[in-house]
Amino acid sequence: MTDPVYRELLAVMKKRGGDFSGMDIPEFFAMVEEMFTPAEAEVNNAMPRGPLAAADLAKQMARPVAQIALILEAMADKGLCMAVRMADAVYYQSARFMPGILEFQFMPGRTTERDKRLARLIYDYKKAFDARSGIDKPIFPTNRVITVARTVAVGNQVHTYDQVQAYIDKYDPIAVTTCFCRHAAQLRGEDTHGMPNDVCMQFGLGAQFAVERLNGRQVSKEEAREVLQRSEAAGLIHMSTNMTDDIGFICNCDRWHCVAVTHALAKPKPGLAFSSGFEPRFEAELCTACETCIDRCPAEALQMGPEAVPLVDLDRCFGCAVCATGCPEEAIHMHNRRDIPVPPKDGKSLKEAIKSDASH
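Numbered per my numbering, the sequence shown spans residues 83 to 442.
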């Protein structure tokens with residue numbers, strides 16, 4: 083028999099929204115019963131949307147402050163809620179499954195037996211969730227690619243939000259953590275194709291939380307740029323939330339394990355579901371038909387054309403510039419793509435766009 087507290091947790095996580103928000107299937111309960119103790123589930127269920135101190139939640143739950151504070155501390159250390167210091171006080175905040183709790187489990191890079199169990203249970207839940215919800219349906223994108231700005235051809239418009247460097251300049255602190263997608267795959271015994279793991283970034287309060295609770299490493303702006311360069315050399319995709327302001331994080335994603343990419347690739351037109359707003363163009367006089375770009379393309383959007391110059395399928399192309407950064411002849415440059423809408427400004431605008439798209 084499932085403890086009623088986990089039934090209540092299902093309703094709470096559904097209400098919080100986000101990806102994999104909660105589904106009444108056996109895989110959900112198997113996952114959360116490993117993830118939360120009954121006491122932690124009860125506290126999770128009582129947490130409101132905004133940040134609060136342990137004393138406030140204890141009052142709401144009519145429990146001793148010391149008891150609730152102890153549970154909240156354990157939850158923050160396990161990545162079941164967020165915790166940040168402000169004015170010498172600790173405030174806790176509830177989290178969604180994604181973005182949130184499901185990533186937090188693997189960002190510390192731990193390899194215990196419990197982590198291995200969680201990696202399998204979370205994978206099983208995500209797979210069952212996707213099978214029942216239809217990830218191939220076209221919906222307004224919740225994530226977007228950020229192209230590599232240095233590959234954009236002169237004369238094209240490059241907004242601030244098109245530049246990863248702009249976010250590095252804007253935020254302080256910056257933290258780097260383990261890529262949760264690839265680390266979870268490694269825990270399941272899967273091949274991660276030699277891709278680097280220590281390349282996902284958090285900004286601001288999220289960075290503070292990552293450093294203090296999730297084994298994150300605080301980095302300088304110079305070190306953050308080095309992380310980007312390693313990611314680009316490896317052929318990873320810069321990805322964040324599909325909005326222009328206060329994005330909070332940048333992931334560097336692969337084609338095999340990262341949820342945003344695999345979900346996009348499952349759609350009929352991946353290039354419309356997950357795009358930077360740019361497309362590659364090829365200079366025939368420089369191209370040597372080495373096919374490096376074809377091998378590197380995460381979306382498999384390129385094939386060699388009859389004139390020994392690659393052709394791009396824009397229905398698949400992410401505009402990530404992985405082809406351009408790997409071209410030994412620098413024969414590929416990125417150009418503005420006209421059929422991709424401007425990203426929403428903030429979280430509220432993104433929710434409105436998703437809601438509007440779902441109603442059509």
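Note that beta-carbon positions come from the ideal geometry of N, C-alpha and C, so glycine has one too. Only a predicted model underlies this, so the values are computations on that prediction, with no experimental measurement involved.
Beta-bridge partners of residue i, as assigned by DSSP
| i | result |
| --- | --- |
| Ser302 | BP columns for Ser302 are empty, so no partner. |
| Lys182 | Per the sequence shown, the amino acid found at residue 182 is Gly instead of Lys. Bridge partners of Gly182: Arg178. |
| His417 | Glu361 |
| Tyr457 | Outside the shown range of the chain (83 to 442) lies residue 457, about which nothing can therefore be said. |
| Asp101 | Met180 |
| Val227 | Met321 |
| Phe331 | Gln284 |
| Val258 | Met283, Arg299 |
| Gln385 | Leu393 |
Whole-angstrom C-beta distance between residue j and residue i, which should lie under 8 Å
| i | j | result |
| --- | --- | --- |
| Pro181 | Gly100 | 7 Å |
| Gly330 | Phe285 | 6 Å |
| Met164 | Phe262 | In fact, because the Cβ distance is near 15 Å, the residues do not count as touching under 8 Å. |
| Pro392 | Cys375 | 6 Å |
| Ala316 | Met277 | 5 Å |
| Asp218 | Ala342 | 15 Å between Cβ atoms; not a contact. |
| Val301 | Ala257 | 7 Å |
| Trp368 | Glu305 | Going by the sequence as given, residue 368 is Leu instead of Trp. Their Cβ separation, rounded to whole angstroms, is 33 Å, which puts Leu368 and Glu305 out of contact at 8 Å. |
| Leu296 | Thr259 | 6 Å |
| Asn334 | Cys409 | Not really, about 19 Å apart at Cβ, beyond 8 Å. |
| Phe400 | Ile319 | 6 Å |
| Lys208 | Phe364 | About 37 Å; that fails the 8 Å criterion. |
Top-ranked residue by Cα proximity to residue i, from the options
| i | options | result |
| --- | --- | --- |
| Ile153 | Cys333, Met129, Met168 | Met129 |
| Ile221 | Phe118, Thr374, Lys351, Asp206 | Lys351 |
| Arg226 | Ile436, Ala413, Gly359 | Gly359 |
| Tyr243 | Lys433, Ala348, Lys303, Pro425 | Pro425 |
| Arg420 | Pro362, Leu91, Cys372 | Pro362 |
| Val246 | Glu411, Cys402, Asp85, Gly408 | Cys402 |
| Thr84 | Pro108, Arg98, Gly104, Ala93 | Pro108 |
| Cys405 | Gly276, Asp212, Val230 | Val230 |
| Lys198 | Ala266, Arg232, Asp206, Gln149 | Ala266 |
| Thr407 | Glu314, Pro133, Ile250 | Glu314 |
| Lys160 | Thr194, Met283, Arg202, Val301 | Thr194 |
| Ala289 | Leu203, Leu92, Phe186 | Phe186 |
| Gly237 | Arg131, Met416, Thr119 | Met416 |
Contacts around residue i, its chain only, beta-carbon distance under 7 Å, and the 5 residues preceding and following it disregarded
| i | result |
| --- | --- |
| Tyr88 | Phe111, Val114, Glu115, Ala123 |
| Arg398 | Pro352, Gly353, Ala381, Glu382, Ala383 |
| Leu200 | Glu116, Met117, Gln187 |
| Ala151 | Ala136 |
| Ala366 | Glu389, Val391 |
| Gln142 | Ala128 |
6 Å CB neighbourhood of residue i in its chain, flanking five on each side removed
| i | result |
| --- | --- |
| Ala346 | Pro352, Ala355, Phe356 |
| Asp428 | Met325, Asp327 |
| Val94 | Asn127 |
| Met117 | none |
| Arg98 | Arg178 |
| Cys379 | Cys405 |
| Lys303 | Ile250 |
| Thr224 | Asn324 |
| Ala210 | Ile107, Glu109 |
Close-in-space but distant-in-sequence residues of the same chain around residue i (CB under 8 Å, 5 per side omitted)
| i | result |
| --- | --- |
| Thr344 | Arg337, Trp338 |
| Ala435 | Phe222, Pro426 |
| Tyr174 | Met129, Pro133, Leu134, Ala135, Ala136, Leu139, Leu154, Met157, Ala158, Cys163, Met164, Ala165 |
| Arg264 | Thr274, Met277, Asn279, Asp336, His339, Cys340 |
Coil, strand or helix - residue i by DSSP
| i | result |
| --- | --- |
| Val125 | helix |
| Ala346 | helix |
| Leu134 | strand |
| Val236 | coil |
| Met277 | coil |
| Gly216 | coil |
| Leu139 | helix |
| Asp251 | helix |
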